[in-house]
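In my numbering, the protein residues as written are 1 to 183. Quick reminder that beta carbons are idealized off the backbone N, C-alpha and C, glycines included. Source: prediction; values computed, not measured.
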Amino acid sequence: MSEIEDDYEALRAIDSRAREAWLRGRFPQGAPPQWWHGLLGFAESAAHPLRGLPEAESRARFAFALALVHTAHRTGAMSRCAAGYQRARLAALALRHQPRLDGLPAELSPEGAVRQLLDGLPLTRSETRAAIERRRLAGDDHPVRDVLLHDLERALTALPWLTEQLTDPALRREAADWLTLLR
Numbered sequence: 001m002s003e004i005e006d007d008y009e010a011l012r013a014i015d016s017r018a019r020e021a022w023l024r025g026r027f028p029q030g031a032p033p034q035w036w037h038g039l040l041g042f043a044e045s046a047a048h049p050l051r052g053l054p055e056a057e058s059r060a061r062f063a064f065a066l067a068l069v070h071t072a073h074r075t076g077a078m079s080r081c082a083a084g085y086q087r088a089r090l091a092a093l094a095l096r097h098q099p100r101l102d103g104l105p106a107e108l109s110p111e112g113a114v115r116q117l118l119d120g121l122p123l124t125r126s127e128t129r130a131a132i133e134r135r136r137l138a139g140d141d142h143p144v145r146d147v148l149l150h151d152l153e154r155a156l157t158a159l160p161w162l163t164e165q166l167t168d169p170a171l172r173r174e175a176a177d178w179l180t181l182l183r
């Protein structure tokens, strides 16, 4: 097993309240972003429908992956925006299960994931338009380094995976309005 797999299994084996203590013991200076990226990637893979797991095990793996996203956000390793992106990735993956998985947390429904993603965006649409314009005016020789804009744009890339599944017309319009900013 790889180190990430070992860490995944160790975290999965302990109570949710003990996970933050485990993380402090494993990473006294805080877990590096690359570790979280690897761990969440492994969690997605572990929940993938191609694994052919029983429904209850699939639900448990999705719930654990979501708990990891919450832990990463709560410990400051992931912004609210990045957590929204990760939730949307998990929700999109859950949609690939056939038959559909029942009993997943509401955050992993298309509506729940999109709502949380949009609520976690660090800029308003007008601020985003202005930041995109600043970047455009700076040209390739002088790129504007706007971390918030970068995080926001990355998060928005998850919307197309879920928008077709939205049943709330207002939420669908709001998502579409945000997506027009990426064009």
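- Pairing residue 123 with residue 153 gives a Cβ-Cβ distance that is not under 8 Å.
- In summary, residue 86 is buried, with 16 or more beta-carbon neighbours lying within 10 Å of its beta-carbon over all protein chains present.
- For the options 77, 118, 151 and 125, the alpha carbon positioned closest to that of residue 24 is the one of 77.
- DSSP places residue 27 in the coil class of the three-state scheme, outside both helix and strand.
- Around the Cβ of residue 137, a 10 Å sphere holds fewer than 16 other Cβ atoms; the residue is exposed.
- Pairwise C-beta distances place the stretch 24-35 in contact with the stretch 66-83, as three or more of them are shorter than 8 Å.
- Short of 8 Å from the beta carbon of residue 70, and not among the five residues preceding or following it, lie these beta carbons of its own chain, in chain order: 83.
- Every alpha helix (DSSP H) of 4 residues or more that sits fully in the stretch 100-138 is shown, in chain order, as 110-119 and 125-138.
- Contact between residue 113 and residue 156 is absent: CB atoms are separated by about 13 Å, not below the 8 Å threshold.
- With a 10 Å radius around the Cβ and a threshold of 16 neighbouring Cβ atoms, residue 115 comes out buried.
- Excluding five sequence positions before and after residue 21, none of the CB atoms of its chain fall closer than 7 Å to its own CB.
- For residue 158, there is no enclosing alpha helix (DSSP H), as DSSP gives it neither H nor E.
- By the 16-neighbour rule on beta-carbons within 10 angstroms, residue 176 is exposed.
- Cβ contact annotation for residue 47 (same chain, cutoff 7 Å, sequence separation greater than five): 58, 61, 62, 65 and 93, in chain order.
- Residue 76: not part of any alpha helix (DSSP H); DSSP gives it neither H nor E.
- In this structure, DSSP gives residue 52 a state outside helix and strand, which the three-state scheme calls coil.
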